[in-house]
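Single-structure report; data block below.
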Amino acid sequence: MNNKFKFIENPGDHISDIKDYLFRILSNWKWFLVTIPVALAIAYYFNISTEKIYGLTNTIEVKEKSNPLFSSGTNIAFNWGGVSDKVESIRKALVSRSHNENVVKELEFYIDYLKEGRFRKEDVYGMTPFKITLQPNQYQLLNTLIKIDFIDNTSFQLSVNFENERKYKLINYKDQSTKNFKSNSSQFSQTFIVDEYINLPFLKGQISVQPTEESLKGASYYIQFNTIDQVTGKYQNVRAKGLAGTSLIELSLTGTNKNRLVDFLNKTVEVLAKVELEQKTNYARSTKEFIDAQFKNTSDSLKLIENNIEEFKQKNSIYDLSAQGGEIFSQTTGLDKMQKQLSDRIAYFNNLENYIQTHNNYAKIPAPAIINIEDASIAGMVGNLTELSIKKEKLSKEVTANHPSLKLANQEIETARNVLLENLSSLKEATKVSLNNSLRRLNSYTYELNKLPNKEQKLLNFQRKYSLTESNFVFLMQKRYEADIAIAASVSDISMLDSAKDTGQGFILPRVSFNYMIALLLGIILPLFVIIAKEILDNRIHTAEDIERVSPIPILGIVGRNTAKNNLAVFLKPKSTVAESFRALRSNIQFLFVRKSKDKSKTVIVTSSVSGEGKTFVSINMATVFALGGKKTVLVGLDLRKPKIFGDFELTNEKGVVNFLIDEENKETIIQNTTIPNLDVITSGPVPPNPSELLISSATDELINYLKETYDYIIFDTPPIGLVSDAIELLKYADSTIYVVRQGYSQKGMLRMINEKYKKEEISNISIVLNDFKIKTKYGYGYGYGYGYGYGGYGKYSNGYHENEKQSFFSKIFKKKKY
Numbered sequence: 164m165n166n167k168f169k170f171i172e173n174p175g176d177h178i179s180d181i182k183d184y185l186f187r188i189l190s191n192w193k194w195f196l197v198t199i200p201v202a203l204a205i206a207y208y209f210n211i212s213t214e215k216i217y218g219l220t221n222t223i224e225v226k227e228k229s230n231p232l233f234s235s236g237t238n239i240a241f242n243w244g245g246v247s248d249k250v251e252s253i254r255k256a257l258v259s260r261s262h263n264e265n266v267v268k269e270l271e272f273y274i275d276y277l278k279e280g281r282f283r284k285e286d287v288y289g290m291t292p293f294k295i296t297l298q299p300n301q302y303q304l305l306n307t308l309i310k311i312d313f314i315d316n317t318s319f320q321l322s323v324n325f326e327n328e329r330k331y332k333l334i335n336y337k338d339q340s341t342k343n344f345k346s347n348s349s350q351f352s353q354t355f356i357v358d359e360y361i362n363l364p365f366l367k368g369q370i371s372v373q374p375t376e377e378s379l380k381g382a383s384y385y386i387q388f389n390t391i392d393q394v395t396g397k398y399q400n401v402r403a404k405g406l407a408g409t410s411l412i413e414l415s416l417t418g419t420n421k422n423r424l425v426d427f428l429n430k431t432v433e434v435l436a437k438v439e440l441e442q443k444t445n446y447a448r449s450t451k452e453f454i455d456a457q458f459k460n461t462s463d464s465l466k467l468i469e470n471n472i473e474e475f476k477q478k479n480s481i482y483d484l485s486a487q488g489g490e491i492f493s494q495t496t497g498l499d500k501m502q503k504q505l506s507d508r509i510a511y512f513n514n515l516e517n518y519i520q521t522h523n524n525y526a527k528i529p530a531p532a533i534i535n536i537e538d539a540s541i542a543g544m545v546g547n548l549t550e551l552s553i554k555k556e557k558l559s560k561e562v563t564a565n566h567p568s569l570k571l572a573n574q575e576i577e578t579a580r581n582v583l584l585e586n587l588s589s590l591k592e593a594t595k596v597s598l599n600n601s602l603r604r605l606n607s608y609t610y611e612l613n614k615l616p617n618k619e620q621k622l623l624n625f626q627r628k629y630s631l632t633e634s635n636f637v638f639l640m641q642k643r644y645e646a647d648i649a650i651a652a653s654v655s656d657i658s659m660l661d662s663a664k665d666t667g668q669g670f671i672l673p674r675v676s677f678n679y680m681i682a683l684l685l686g687i688i689l690p691l692f693v694i695i696a697k698e699i700l701d702n703r704i705h706t707a708e709d710i711e712r713v714s715p716i717p718i719l720g721i722v723g724r725n726t727a728k729n730n731l732a733v734f735l736k737p738k739s740t741v742a743e744s745f746r747a748l749r750s751n752i753q754f755l756f757v758r759k760s761k762d763k764s765k766t767v768i769v770t771s772s773v774s775g776e777g778k779t780f781v782s783i784n785m786a787t788v789f790a791l792g793g794k795k796t797v798l799v800g801l802d803l804r805k806p807k808i809f810g811d812f813e814l815t816n817e818k819g820v821v822n823f824l825i826d827e828e829n830k831e832t833i834i835q836n837t838t839i840p841n842l843d844v845i846t847s848g849p850v851p852p853n854p855s856e857l858l859i860s861s862a863t864d865e866l867i868n869y870l871k872e873t874y875d876y877i878i879f880d881t882p883p884i885g886l887v888s889d890a891i892e893l894l895k896y897a898d899s900t901i902y903v904v905r906q907g908y909s910q911k912g913m914l915r916m917i918n919e920k921y922k923k924e925e926i927s928n929i930s931i932v933l934n935d936f937k938i939k940t941k942y943g944y945g946y947g948y949g950y951g952y953g954y955g956g957y958g959k960y961s962n963g964y965h966e967n968e969k970q971s972f973f974s975k976i977f978k979k980k981k982y
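In the working numbering, the protein residues as written are 164 to 982.
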């Protein structure tokens, strides 16, 4: 017999057989039939129960717009410099909290309109037939559902459930102040008429119903008031994205109610455009306020001077100036106007110089409101300084204070500042020279004025003052007119290019197809992981291939699952596959007997690793199949610790091997006949306290020698070799040893001890029988299971007798095996 088998020490190496491994995984197809529908069902429930999220967008254009009727020199709204990177500034403003808070207030989004849905209370803003108008500067119930049940189209019932232990608050939306509230009852309910003023301790306002032909009877809604901070936080997810290379900004927002999204996106642009326009015309408005104040004062002064002139003329009977006086009046009036302009200009230069010397940020240098500056270089220098200051402010947000670009910007600002201050100083001195010259010329006319009569001198002075005041009045009137036109003609730099609109867009969340795909993958992957883990961690023997991988001991055959009422499977069901498998074992075991013992009595020992692997079942049926084959056979129960064989034959265990070994009975009296022809049984007998000592006694040799003289085949049912040493002692009597392994029960590590003895040639003529075998797709490839497990030669196997019982892979899945 060739004992040189390749012995694989690592039990996990069978996974390397990809083909066999795939069959093992596919054999668990029923798991996938359960997990995939369950996963898809969960995905379906998630898809229908998850609140739908929608996404809408709008697009705005940010472009500097100015009235073409005004130039920078005449437009009252003219500014020295403007804010750079306007698109970025608008984008930041759109996502700012303060701006979103203004939008929430404008839209009154702090009021929730809800309706009972299938899975939750759903937001039905824009879909309700009514609207609530809150009384301003009054306290309203905060964060509590108020139910509205319509009785008909003109009346409704308002109800609130108050919890006794809960603390309630009221909120005043004008100043966002809150105060505590405690209800006197746990349930409030009252009927109101539509448009009736609701004057309750926790609610003050009116509910108006939109005209509709549909009946509102039985319709139920909820309203709830939230803090402005709570609601504003929900709209912090608004996204403002500048489109590269353009002055366009795309606004996007997601939420559960498309009506809210549309209103918010459009209102946010409207509010920002309004604020931006106010900021844009703020200079003109401030200038107009200043001009209005000056205009009123000048107007009052003009009226007073006019009254004084009339009174003086009547009192002194003088009505016109002489020719000389008219000449002096004409010359001095022009000089008075020039002095006024030069004085105002010097005052502005002083103001501008003081601002530059006392400020570090030159982005908002004040421009002249009603002063005309002849030197255009000043405007250019101020504009350059403003632009450099804006550039520095932007860089300071992006780089550190020691960055070279920021240092360079500071140097450029300092240079521009010094140049401007020098030019202002020069221009101011030149203006002072012009003013002094004007004063000297005016003094020359004063000498001529003194030659006139006293009454004419006073009249001329009155008329000079009146002319100067009138000139200033006309100038202010013109500037006020310019300011009004500038304010009226100014338009916002923000314009809507594409407004948000509900065009039937579908929801973006949940992603139905994606969720189903994930569910399908999880339905496949999760059980696959479990199956793989189970296969990797499974250390039990399932197939003949498993035995070959972990043991060099040859396989004698395979025995199927017993379906008979007891262990007498061959006798009770002689035509069953189990019976045929034992007949195949009977044939195969002949190859294990040596030539010299062919015609002598043969001893077969049946053992296993542990109890429960079916050695008693195999020993009974091996003995039966030999007996039915016409051989005189005896079955000896040598499992003295746990005797079993007597029950299947309906015999008693009162006397047996133990009685003979202790010399209570002789050999003939312990042998019992059975209903099976040619088969006798020797039971174990009473359980002794020292079974191992009894089995190694000389009486055992005597009994076995006697049985060899009397029977053709002796079958020993021994104790498990992995639990006790009894079977090891009995192996010396064996002509052949059958080692029983049970499918799905015996562990691979249990064969380690018998493998070592076999490799050391301490045991010979041993073979393995795979018991309780049941065809499964994961074990059915490679070794067919019919009426037997064919064995031909040493280590070579065939499919046995019933080749027609082999099934294809798909037949094994969809067709049950018939025994």
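Just so it is clear, CB atoms sit at the ideal spot from N, CA and C, and this is done for glycine as well.
This one's a predicted model, so the numbers in the text were calculated from it and none came from an experiment.
Cβ shell of Y331 (< 8 Å), same chain only, five flanking positions each side left out: Translated into the one-based positions of the sequence shown, residue 331 becomes position 168. Closer than 8 Å at the Cβ level, and outside the excluded window around Y331, lie L304, L305, T307, F325, N343, F344, K345, S346 and F365.
Short Cβ contact (9 Å threshold) for S772 with I917: Position 609 of the sequence shown, counted from the first residue, corresponds to residue 772. Position 754 of the sequence shown, counted from the first residue, corresponds to residue 917. Going by beta carbons, S772 and I917 fall inside the 9 Å limit.
L700 CB to nearest heavy atom of the ligand SAM below 8 Å: You won't find the ligand SAM in this model; it holds no ligand whatsoever.
C-beta contact flag for G667 and L424 at 9 Å: Position 504 of the sequence shown, counting from 1, holds the residue named residue 667. Position 261 of the sequence shown, counting from 1, holds the residue named residue 424. Contact check for G667 against L424 fails: the beta carbons are separated by 9 Å or more.
Contact the stretch 445-460 vs the stretch 646-655: 3+ CB pairs below 8 Å: At 8 Å Cβ cutoff, the stretches touch.
For T419 and S214, the rounded distance between their alpha carbons: The count along the sequence shown starts at 1 and reaches residue 214 at position 51. The count along the sequence shown starts at 1 and reaches residue 419 at position 256. Per the sequence shown, the amino acid found at residue 214 is Glu instead of Ser. So the alpha carbons of these two residues sit roughly 7 Å apart.
Delimiting residues of the beta strand (DSSP E) encompassing A403: By 1-based counting over the sequence shown, the position of residue 403 is 240. Note, A403: beta strand (DSSP E), R402 to G405.
Top-ranked residue by Cα proximity to T770, from K818, I205 and L933: The sequence position of residue 770 within the sequence shown is 607, counting from 1. Selected option, being the one with the closest Cα: L933.
Candidates R187, K310, K459 and H705: closest to V637 by CA position: For the purposes of this step, residue 637 is taken as the residue at position 474 of the sequence shown. For V637, the nearest C-alpha among the options comes from K459.
C-alpha gap between S352 and A403, whole angstroms: As a working note, residue 352 is residue 189 in the sequence shown. As a working note, residue 403 is residue 240 in the sequence shown. Taking C-alpha positions only, S352 is separated from A403 by approximately 45 Å.
Length of the line joining the Cα atoms of V394 and Y336: Here residue 394 refers to the residue found at position 231 of the sequence shown. Here residue 336 refers to the residue found at position 173 of the sequence shown. Roughly 13 Å separates the two Cα atoms.
Coil, strand or helix - Q138 by DSSP: Past the edges of the chain, shown from 164 to 982, lies residue 138, and the structure says nothing about it.
Residue range of the alpha helix (DSSP H) that includes Y208: For the purposes of this step, residue 208 is identified with residue 45 of the sequence shown, where counting begins at 1. Y208 -> alpha helix (DSSP H) spans W192 to S212.
F756 to L719 span [Cα, whole Å]: Within the sequence shown, the letter at position 593 stands for residue 756. Within the sequence shown, the letter at position 556 stands for residue 719. In a straight line, the C-alpha of F756 is about 13 Å away from that of L719.
Segment limits, alpha helix (DSSP H) that includes N422: Taking the first residue of the sequence shown as 1, we reach residue 422 at position 259. DSSP places N422 inside the alpha helix (DSSP H), whose first and last residues are K421 to K443.
Whole-angstrom C-beta distance between K249 and D656, which should lie under 8 Å: For this step, residue 656 is matched to residue 493 along the sequence shown. For this step, residue 249 is matched to residue 86 along the sequence shown. Rounded, the Cβ-Cβ distance is 7 Å, consistent with contact.
Span of the beta strand (DSSP E) around Y921: Here residue 921 refers to the residue found at position 758 of the sequence shown. In the DSSP assignment, Y921 falls outside any beta strand (DSSP E) and within the unbroken alpha helix (DSSP H) covering R915 to K922.
Burial state of N635, where buried means 16 or more other Cβ atoms lie within 10 Å: As a first step, residue 635 must be located in the sequence shown, where it is residue number 472. By the 10 Å Cβ count, N635 comes out buried.
Beta-carbon gap between T787 and F823 smaller than 9 Å: Taking the first residue of the sequence shown as 1, we reach residue 787 at position 624. Taking the first residue of the sequence shown as 1, we reach residue 823 at position 660. Their beta carbons are not under 9 Å apart, which means T787 does not touch F823 by this criterion.
N934 in three-state terms, based on DSSP: Counting from one through the sequence shown, the residue named residue 934 turns up at place 771. N934: strand per DSSP, three-state reduction.
Three-way DSSP call (helix, strand, coil) for Q369 in this model: Here residue 369 refers to the residue found at position 206 of the sequence shown. In this structure, Q369 counts as strand in the three-state DSSP scheme.
At least three beta-carbon pairs within less than 8 Å, the stretch 812-830 to the stretch 902-910: Taking a cut-off of 8 Å on C-beta distances, the stretch 812-830 does not touch the stretch 902-910, as fewer than three cross pairs fall below it.
Which listed residue (K807, N327, V844 and F754) has its alpha carbon closest to that of T796: For the purposes of this step, residue 796 is taken as the residue at position 633 of the sequence shown. For T796, the nearest C-alpha among the options comes from V844.
Within 9 Å, strictly: CB atoms of E285 and K294: Your numbering for residue 285 matches position 122 in the sequence shown. Your numbering for residue 294 matches position 131 in the sequence shown. In this structure, the beta-carbon distance from E285 to K294 does not fall below 9 Å.
Bridge-paired residues (DSSP) for E279: The sequence position of residue 279 within the sequence shown is 116, counting from 1. Partner(s): K284.
Bounding residues of the alpha helix (DSSP H) (the contiguous stretch that carries I334): Numbered from 1 along the sequence shown, position 171 holds the residue referred to as residue 334. From DSSP, I334 is part of no alpha helix (DSSP H) but of the beta strand (DSSP E) over Y331 to N335.
Beta carbon of K310 nearer than 9 Å to that of S322: Numbered from 1 along the sequence shown, position 147 holds the residue referred to as residue 310. Numbered from 1 along the sequence shown, position 159 holds the residue referred to as residue 322. Yes. Within cutoff.
Residues of its chain near S588, where Cβ-Cβ distance is below 8 Å and the 5 sequence neighbours each way are ignored: Looking up residue 588 in the sequence shown gives position 425. Within the same chain, S588 has close Cβ partners E516.
Three or more C-beta pairs below 8 Å linking the stretch 461-473 and the stretch 595-604: The stretch 461-473, when compared against the stretch 595-604, does not touch it at the 8 Å Cβ threshold.
Status (buried if at least 16 other CB within 10 Å, exposed otherwise) for I211: To locate residue 211, count along the sequence shown from 1; it is residue 48. Around the beta-carbon of I211, fewer than 16 other beta-carbon atoms lie within 10 Å, marking it exposed.
With 16 other Cβ atoms within 10 Å as the buried cut-off, status of L893: Here residue 893 is taken as the residue at index 730 of the sequence shown, counted from 1. Buried, because 16 or more other Cβ atoms sit within 10 Å of the Cβ of L893.
C-beta atoms of I704 and V693 nearer than 9 Å: Counting from one through the sequence shown, the residue named residue 704 turns up at place 541. Counting from one through the sequence shown, the residue named residue 693 turns up at place 530. No. Outside cutoff.
Distance, N624 Cα to L631 Cα: Indexing the sequence shown from 1 puts residue 631 at position 468. Indexing the sequence shown from 1 puts residue 624 at position 461. Our two residues, L631 and N624, have alpha carbons roughly 11 Å apart in a direct line.
Helix, strand or coil at I718 [DSSP, three-state]: In the sequence shown, residue 718 corresponds to position 555, counting from 1. Judged by DSSP in its simplified three-state form, I718 adopts strand.
Status (buried if at least 16 other CB within 10 Å, exposed otherwise) for G723: Reading the sequence shown from its first residue, position 560 is the one you call residue 723. So G723 ends up on the buried side.
Local Cβ density within 10 Å of A206, reported as buried at 16 or more and exposed below that: Here residue 206 is taken as the residue at index 43 of the sequence shown, counted from 1. Classification of A206: buried, given that the 10 Å Cβ count is 16 or more.
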